[in-house]
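According to full-length UniProt numbering, the stretch in the sequence shown is residues 1 to 164, in order.
One structure is given here, and the rest of the page talks about it.
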Amino acid sequence: MMLHILTTGGTIEGLDYNEKDRGREKSNFSIKAFLEAANVSFQYNIEEVFTLDSRFISQEHRESLANKIRAVDSDKILITHGTYTMEDTAKYIGNLKFNKTIVLTGSFILGTSAKTDAPFNLGFAISSLQFLKPDVYVAMNGEVFHWGNVTKNLETNKFEYKNE
């Protein structure tokens, strides 16, 4: 499997955001370091598309992400994304009907925190990519959601199916 990882920022990358001035502090967190520590045997590329709190991702940013997806040779793509607007980006990409398997994942707890869900979500999303049919999905906290049937529940701070 050749996996292409597109990064967009968010809590999973250990970026701590200052809401007041939209500033961010970059941490020493690295998705590459997670993969190296896991001793993965598949090939991968990591490409930063942008580094934003997902609340500030615009239509232009999503178009830029779509252009990167088009340009990637791999048919297995992982997108790391902030959870605030992950479902919006999944819907945007899903409507473009790429013939690729695309999984978005992130974390609710800062990637640099000892109690982060980032490594689990990364591993789960990568595993899911190997078995899913071409389409767009969100993989969070042990569940996979189709782009057309996912929402973030702000009360429970979890993703869930829209139509349940």
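Every residue gets a Cβ at the ideal spot worked out from N, C-alpha and C, and that includes glycine.
What you are looking at is a predicted structure, and each value in this text was computed from that prediction instead of being measured.
Query, Result
"Using only the alpha-carbon positions, how far apart do GLN59 and ALA37 sit?", "35 Å"
"The beta strand (DSSP E) spanning residue 165 covers which residue range?", "Only positions 1 to 164 of the chain appear in the structure, and residue 165 is not among them; the question remains open."
"Answer with buried or exposed for GLU87, where buried requires no fewer than 16 other C-beta atoms within 10 angstroms of its C-beta.", "buried"
"Do the region 55 to 74 and the region 113 to 130 touch if we need at least three Cβ pairs shorter than 8 Å?", "no"
"Less than 8 Å between the C-beta atoms of THR101 and LEU129, yes or no?", "yes"
"Could you round the C-beta distance between THR105 and ALA125 to whole angstroms and report it? I think they count as a contact, below 8 Å.", "4 Å"
"Leaving out the 5 sequence neighbours to the left and right, which residues in its chain are closer than 6 Å to ASP21 when beta-carbon positions are compared?", "Only weak support exists for where ASP21 lies, its pLDDT of 45 falling under 50; the value from the coordinates is given anyway. Nothing listed; no residue qualifies."
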